[in-house]
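Working notes, beginning with the structure itself.
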Amino acid sequence: MAKVLTTRAENYAQWYNDLVIKADLAENSAVRGCMVIKPYGYAIWEKMQAELDRMFKETDHVNAYFPLFIPKSFFSKEANHVEGFAKECAVVTHYRLKNDPEGKGVVVDETAKLEEELIIRPTSETIIWNTYKNWIQSYRDLPLLINQWANVVRWEMRTRLFLRTTEFLWQEGHTAHATENEAVEETLKILNIYSDFAQEYLGVPVIKGVKTENEKFAGAIDTYCIEALMQDGKALQAGTSHFLGQNFAKAFDVKYATKEGKEEHVWATSWGVTTRLIGALIMAHSDDKGLVLPPKLAPFQVVIVPIYRKPDEYERTCKRAHEIKKELKALGISVKVDDRDTHKPGWKFAEYELKGVPVRLAIGPRDLENNTVEVSRRDNLTKDFISQDGIAAYLSDLLDEIQENIFSKALKFRDENIREANTWDEFLELLDTGGFISAHWDGTAETEKAIQEQTKATIRCIPMDAKQENGVCIKSGKPSNQRVLFAKAY
RNA sequence: CGGGAUGUAGCUCAGCCAGGUUAGAGUACCCGUCUGGGGGGCGGGGGGCCGGAAGUUCAAAUCUUCUCAUCCCGACCA
């Protein structure tokens, strides 16, 4: 078989890049740092969107849409926020082009300068809170539970397909509440939605936790996150949910009248997941043969490849393939029959392995005689001949089993790669091994930064289920009462 | 913004050092044929302003200068 992928052992980063391109998920575009998401990759995003959207709506959120452009002045209203994002904002300064007087295409028309520059949103808190100010007057207007599906731009210096690109797609929820408690509850509710989604749909186990001061969102009181572990031992932040306190309400003067007639600032949250989840999906499960997609997010769950030699065999196997497709569709299984005569079966097998289709059926003349079909699983690469009778029910169960297996495999890997370090030497040693390192930390930003500068490892989160235990900080030796998770991260 | 490299067929690259027929290979593409249960074999074919500009020369993909672009490493990165 022709080798199309770099192996993970050879070069993990190259393997990832090869895979994204060869599996037809995305490619680099003519615009530096921006990607084209191709139909197969976008189909995965659409599946993610559909499920998340359902989960948000089930919890009473509604969708809306706010502008791509944000007046520059809005940005400076929340000090931490502007400081956090200022260095990566694209700015619109003009609104017209004209023909180059020297005849070389078009140039910016300097006379068409905007009075106030517009920022292309890196996130929408400011424009949204500026709008919410007009929407909220009374406790009767609360809570306000809004989500938007949008693109954002962050001018990153180094980009990687799906993991970090200049423009990316995401959803951002922005809610307003009457009380602090309610806002905190909302933040945690969403965190749980993200966690459930990651584990049940992506099949990626995640750790729920809180970010440190250094790592939290610019403008938040607390940032909660879900952290996943990739196969190369590096961590990936897969979603964040922020408790914003009254920071934005105060910055944009969003007040409401309580039942008692008193004026109060509202309490806020914001939360988001991005197309980076596709990167997480790829890196968590895939192997040297290509993608491994969990059935719940695969653009199609089953592919049927007819095997034939003569025209009449082509006709008969294709006919049976389409009949089976119909049976599967009746049980809600998404199926593609690849009856193209322009590619050989072997080529198709390799292609669908590369693309991570969970189950492949091959049906040839021998199967027609024996009333069987060859069933191949992508997750463990096993093959079985199964009776065509009751094949739909069989596959329905099999897809569930695959989804489960993919998750348990990732969970086992993750759990095997959380290790405790009790001394600085142990910590350094474990860093080379990769994975999460559970260690005591004195709680100061200085120590955290010192560790990061020396080792490139960051505190991924303070796990929410961290048990209280006395210990000493691995770096400073000062007392600590719980362990936090360190890792090198994407 | 520093340091390093690379621009030649859709893609990956050779050729350049030492200038000289009509610029090559693999792969992809098209046609034919044998094939078809794991990326097939054989035969034929199309495809290039050698990143751009200026120069040196009888002669430039090759030498010189300038320029543009991309990639890698760092800086940076919620």
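At position 124 of the first sequence the residue is numbered 157 (this note's numbering), and the sequence of numbers has no breaks. For every residue, glycine included, the Cβ atom is placed at its ideal position computed from N, Cα and C.
Where residue i falls, given that 16 or more other Cβ within 10 Å makes a residue buried
i: residue 503; result: exposed
i: residue 220; result: buried
i: residue 352; result: exposed
i: residue 440; result: buried
i: residue 130; result: exposed
i: residue 177; result: buried
i: residue 412; result: buried
i: residue 516; result: buried
i: residue 134; result: exposed
i: residue 513; result: buried
i: residue 72; result: exposed
i: residue 409; result: buried
i: residue 63; result: exposed
i: residue 196; result: buried
i: residue 163; result: buried
i: residue 187; result: buried
i: residue 140; result: exposed
i: residue 380; result: exposed
i: residue 128; result: exposed
Check whether residue i and residue j have beta carbons under 7 Å apart
i: residue 369; j: residue 336; result: yes
i: residue 491; j: residue 522; result: yes
i: residue 285; j: residue 166; result: yes
i: residue 509; j: residue 480; result: yes
i: residue 346; j: residue 398; result: yes
i: residue 112; j: residue 153; result: no
i: residue 242; j: residue 506; result: no
i: residue 228; j: residue 254; result: no
i: residue 519; j: residue 470; result: yes
i: residue 400; j: residue 406; result: yes
i: residue 66; j: residue 192; result: yes
i: residue 119; j: residue 237; result: no
i: residue 74; j: residue 266; result: no
i: residue 271; j: residue 282; result: no
i: residue 307; j: residue 201; result: yes
Same chain, Cβ closer than 7 Å to residue i, five either side skipped, listed in chain order
i: residue 303; result: 158, 205, 206, 207, 275 and 277
i: residue 244; result: 256, 258 and 494
i: residue 59; result: 53, 68, 69, 70, 71, 74, 194 and 195
i: residue 361; result: 335, 368, 425 and 428
Cut-off 6 Å between Cβ atoms - residues of its own chain near residue i, not counting five sequence neighbours on either side
i: residue 322; result: 386
i: residue 314; result: 235
i: residue 478; result: 246 and 247
i: residue 367; result: 333 and 334
i: residue 57; result: 71 and 73
i: residue 421; result: 404 and 406
i: residue 94; result: 178 and 180
i: residue 84; result: 234
i: residue 39; result: 47, 48 and 51
DSSP-derived helix/strand/coil call for residue i
i: residue 188; result: coil
i: residue 257; result: strand
i: residue 323; result: strand
i: residue 47; result: helix
i: residue 217; result: helix
i: residue 35; result: Interpretation of residue 35 is limited by its pLDDT of 48, a score under 50 that renders its predicted location unreliable; no figure is taken from the coordinates.
i: residue 369; result: strand
i: residue 289; result: strand
i: residue 482; result: helix
i: residue 504; result: strand
i: residue 163; result: helix
i: residue 494; result: strand
i: residue 284; result: helix
i: residue 241; result: strand
i: residue 42; result: coil
i: residue 117; result: helix
i: residue 438; result: helix
i: residue 226; result: helix
i: residue 112; result: helix
For residue i: DSSP bridge partner residues
i: residue 181; result: 205
i: residue 60; result: 69
i: residue 420; result: 405
i: residue 472; result: 517
i: residue 532; result: The requested residue 532 does not occur in the structure, where the chain is confined to residues 34 to 523.
i: residue 275; result: 256 and 303
i: residue 269; result: 261
i: residue 451; result: 469
i: residue 382; result: Looking at the DSSP assignment, residue 382 forms no beta bridge with any residue, so it has no partner.
Cβ neighbours of residue i in the same chain (closer than 8 Å, five flanking residues each side left out)
i: residue 175; result: 169, 209, 210, 211, 289 and 299
Check: residue i C-beta below 6 Å from any heavy atom of the ligand PLP
i: residue 334; result: With respect to the ligand PLP, the structure shown offers nothing to examine, as it has no ligands at all.
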